[in-house]
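Undergrad:
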Amino acid sequence: MSEKKPFLYTLFFAAASLAAIFIILSLAFSFRSLIEKRKSSSSLPASTNSARMTIVIDAGHGGEDGGAVADDGTLEKDLNLQISKLLCALYELNGVPVRMTRETDTMLYDHYGDLEDYKGQKKLYDLTNRIKIAEEYENPVYIGIHMNKFPQKKYSGLTVYYSKNNQDSYLLAASVHDFNKMYLQPGNRREIKCADSSIFILDNIKCPSVLVECGFVSNDEELALLKDEKYQCKLALVLFSSSMAFYS
Ligand SMILES: [Zn+2]
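First residue of the sequence shown? That's 701 in the numbering used here, and the numbers climb one at a time after it.
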């Protein structure tokens with residue numbers, strides 16, 4: 701009961717905040733000119749597919765893979781899932797096709813139940829299956845949700861990575877980055893980053909894809925925000941609004 705109530709409250713808060721989305725979306729027209737400008741300066745191959753998308757939300761890590769661990773014991777996998785569920789609810793409320801790679805605390809190495817031996821390769825199968833799940837859908841758009849961690853506590857702020865394999869990845873990342881600066885973190889000076897081979901999913905996936913490091917669990921102030929349901933809602937709203945503004 702103590703888990704259900706806060707979640708429902710948070711959902712209610714998210715629903716009430718939809719009014720804010722309409723205001724944000726009304727700015728989408730002016731925002732499009734910025735996107736057009738970015739488009740014309742990009743040398744990546746263009747996407748020509750305009751059919752309806754399915755958003756695939758991938759809450760990073762899960763199960764025995766906790767991801768980054770904060771000083772107070774908070775696990776990245778749990779924050780990732782909480783924010784992913786809120787984000788998923790926003791798409792559902794607006795009738796946008798959406799799927800989550802995981803809705804529970806689990807790794808996905810045996811998602812398809814067809815593995816005989818995954819010894820020592822759990823992480824590889826887990827990541828490969830997340831790509832497979834995303835690509836099961838027609839016109840998928842992949843949004844990976846993660847947290848950052850650094851030895852020095854001073855670093856904070858949302859960072860967006862994009863896949864080099866599709867021009868829309870960069871444009872979606874730019875949309876998330878710009879909306880975040882406009883509505884959540886005006887002081888964020890982080891750059892949008894092209895993922896290298898160290899980010900397996902973005903390096904191998906073919907559909908429009910971004911990975912959002914929502915903040916640093918190593919920064920005490922940001923960790924407190926990331927654990928706060930209202931802030932999680934705001935993050936989800938930024939991700940939802942920026943993706944909708946771009947694809948509307
Ligand atoms: Zn992670």
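We treat Cβ as the ideally placed atom computed from N, Cα and C, and that holds for glycine.
Which residues does DSSP list as the beta-bridge partners of residue 800?
TA: Here residue 800 is taken as the residue at index 100 of the sequence shown, counted from 1. BP columns for residue 800 point to 757.
Undergrad: Can you list the residues near ligand 1, meaning Cβ strictly closer than 5 Å to any non-hydrogen atom, in the order they appear in the chain?
TA: Any residue whose Cβ sits closer than 5 Å to a heavy atom of ligand 1 makes the list: 760, 767 and 846.
Undergrad: Suppose the cutoff is 8 Å on Cβ atoms and the five residues either side in sequence are ignored; what does the same chain contact list for residue 835 look like?
TA: For the purposes of this step, residue 835 is identified with residue 135 of the sequence shown, where counting begins at 1. For residue 835, where only same-chain residues beyond five positions count, the Cβ hits under 8 Å are 905, 906 and 907.
Undergrad: Quick one: grab the DSSP three-state call for residue 880.
TA: Residue numbering aside, residue 880 sits at position 180 when the sequence shown is read from its first letter. Note: residue 880 maps to helix in three-state DSSP.
Undergrad: Counting C-beta neighbours from all protein chains within 10 Å, is the total for residue 850 16 or more, i.e. buried, or is it exposed?
TA: Residue mapping note: residue 850 aligns to position 150 of the sequence shown, counting from 1. By the neighbour-count rule (16 or more Cβ atoms within 10 Å), residue 850 is not buried but exposed.
Undergrad: Helix or strand or just coil, what does DSSP make of residue 933?
TA: In the sequence shown, residue 933 corresponds to position 233, counting from 1. If DSSP states are grouped into helix, strand and coil, residue 933 belongs with the helices.
Undergrad: Taking DSSP as the reference, what is the three-state secondary structure of residue 845?
TA: In the sequence shown, counting from the first residue as 1, residue 845 sits at position 145. Strand, per DSSP.
Undergrad: Quick check on DSSP: helix, strand or coil for residue 788?
TA: Translated into positions along the sequence shown, residue 788 becomes position 88. Helix.
Undergrad: Note the first and the last residue of the continuous beta strand (DSSP E) segment covering residue 774.
TA: Taking the sequence shown and counting its residues from 1, one reaches residue 774 at position 74. That residue, residue 774, is in no beta strand (DSSP E); it is neither H nor E in DSSP.
Undergrad: DSSP three-state call for residue 928: helix, strand or coil?
TA: The residue given as residue 928 occupies position 228 in the sequence shown. In the structure shown, residue 928 sits in coil (DSSP, three-state: anything other than H, G, I, E or B).
Undergrad: For residue 931, tell me which candidate among 793, 858 and 800 has the shortest Cα-Cα distance.
TA: Within the sequence shown, numbered from 1, the residue matching residue 931 stands at position 231. It is 858.
Undergrad: Residue 890 to residue 846, Cα distance in whole Å?
TA: Position 190 of the sequence shown, counting from 1, holds the residue named residue 890. Position 146 of the sequence shown, counting from 1, holds the residue named residue 846. Taking the straight line from one Cα to the other gives about 16 Å.
Undergrad: Identify every residue that forms a DSSP beta bridge with residue 893.
TA: Taking the sequence shown and counting its residues from 1, one reaches residue 893 at position 193. Answer is 861.
Undergrad: Could you tell me if residue 752 is buried or exposed, where buried requires 16 or more neighbouring beta carbons within 10 angstroms of its beta carbon?
TA: Position 52 of the sequence shown, counted from the first residue, corresponds to residue 752. Exposed: under 16 other Cβ atoms inside 10 Å.
Undergrad: Just to confirm my understanding: we take residue 816, look at its own chain, exclude 5 residues before and 5 after, and list those with CB closer than 6 Å. What are they?
TA: On the sequence shown, position 116 is the one that residue 816 refers to. Nothing meets the Cβ criterion.
Undergrad: Give me the Cα-Cα distance between residue 912 and residue 813, rounded to the nearest whole angstrom.
TA: Indexing the sequence shown from 1 puts residue 912 at position 212. Indexing the sequence shown from 1 puts residue 813 at position 113. The alpha-carbon atoms of residue 912 and residue 813 are separated by roughly 29 Å.
Undergrad: Please identify the residue among 831, 868 and 892 whose C-alpha is closest to the C-alpha of residue 947.
TA: In the sequence shown, residue 947 corresponds to position 247, counting from 1. Per the Cα distances, 868.
Undergrad: Leaving out five residues before and five after residue 756 in sequence, what residues of the same chain have Cβ atoms less than 6 Å from its Cβ?
TA: To locate residue 756, count along the sequence shown from 1; it is residue 56. So the list reads 799, 834, 840 and 842, once near-sequence residues are dropped.
Undergrad: Roughly how many whole angstroms lie between the Cα atoms of residue 919 and residue 771?
TA: Counting from 1 along the sequence shown, the entry for residue 919 is found at position 219. Counting from 1 along the sequence shown, the entry for residue 771 is found at position 71. Taking the straight line joining both Cα atoms gives about 9 Å.
Undergrad: In or out: residue 776 buried (at least 16 other Cβ within 10 Å) or exposed?
TA: Counting from one through the sequence shown, the residue named residue 776 turns up at place 76. It is buried - the Cβ of residue 776 has at least 16 other Cβ atoms within 10 Å.
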